[in-house]
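In my numbering, the protein residues as written are 213 to 352.
We put the beta carbon where it would ideally sit given N, CA and C, even for glycine.
To start, the structure under review is shown below, and the notes come after it.
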């Protein structure tokens with residue numbers, strides 16, 4: 213019985229209930245990443261008067277996959293979306309200049325998180341997988 217109750221509760225968390233004719237409530241969760249070049253992201257951060265948060269990752273990296281899951285939640289996603297313009301870089305993606313950006317910002321381990329000011333200078337750097345509470349402290 214306990215297992216059945218757990219399954220029902222999990223299923224209910226994925227069901228959206230709304231009154232007829234009303235808009236469903238949208239709860240921000242995942243990190244909202246800027247699409248475009250890092251230069252465009254820097255320009256956008258300048259216009260928005262916010263620092264740029266850059267997430268460097270590579271495929272098949274267990275720590276990167278762990279952090280990807282952390283970034284999907286409201287705790288981390290909301291925190292980052294409220295404070296930064298967010299940008300991600302697949303450091304192995306040559307087509308999108310990933311290796312070049314990793315070299316430019318001296319990234320040699322993954323995942324790496326940078327806080328960059330409007331002039332393109334790194335203000336803060338953190339690396340590795342972290343629980344969401346530790347991550348929040350590490351980039352604050």
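Going by DSSP, what residue range makes up the beta strand (DSSP E) through residue i?
{"i": "residue 351", "result": "From DSSP, residue 351 is part of no beta strand (DSSP E) but of the alpha helix (DSSP H) over 344-351."}
Would residue i be called buried (16 or more neighbouring beta carbons within 10 Å of its own) or exposed?
{"i": "residue 248", "result": "exposed"}
{"i": "residue 349", "result": "exposed"}
{"i": "residue 302", "result": "buried"}
{"i": "residue 346", "result": "exposed"}
State the CB to CB distance for the pair residue i and residue j, rounded to an integer number of angstroms; the pair is presumed to be in contact (CB under 8 Å).
{"i": "residue 265", "j": "residue 325", "result": "7 Å"}
{"i": "residue 341", "j": "residue 299", "result": "Not really, about 20 Å apart at Cβ, beyond 8 Å."}
{"i": "residue 328", "j": "residue 351", "result": "Incorrect: roughly 12 Å between the Cβ atoms, too far for contact."}
Looking only at its chain, what residues have a beta carbon closer than 7 Å to the beta carbon of residue i, apart from the 5 residues adjacent to it on each side?
{"i": "residue 287", "result": "344"}
{"i": "residue 260", "result": "297"}
{"i": "residue 256", "result": "246, 297"}
{"i": "residue 310", "result": "301, 302, 303, 304"}
{"i": "residue 276", "result": "269, 270, 322, 323"}
Out of the options, state which residue places its alpha-carbon closest to the alpha-carbon of residue i.
{"i": "residue 313", "options": "242, 244, 268", "result": "268"}
{"i": "residue 319", "options": "295, 244, 242, 336", "result": "336"}
{"i": "residue 280", "options": "308, 307, 242, 316", "result": "242"}
Got a sec? Which residues, its chain only, sit under 6 Å from residue i by beta carbon, not counting five neighbours each side?
{"i": "residue 273", "result": "322"}
Leaving out five residues before and five after residue i in sequence, what residues of the same chain have Cβ atoms less than 8 Å from its Cβ?
{"i": "residue 240", "result": "Low confidence applies here, because residue 240 scores a pLDDT of 47, under 50, leaving its location unreliable; read the following figure in that light. Taken in chain order, the residues that qualify are 286, 289, 290, 293."}
{"i": "residue 316", "result": "none"}
For a cutoff of 8 Å on Cβ pairs, would you count residue i as touching chain B?
{"i": "residue 300", "result": "Checking the listed chains, one finds no chain B in this structure; it contains a single protein chain."}
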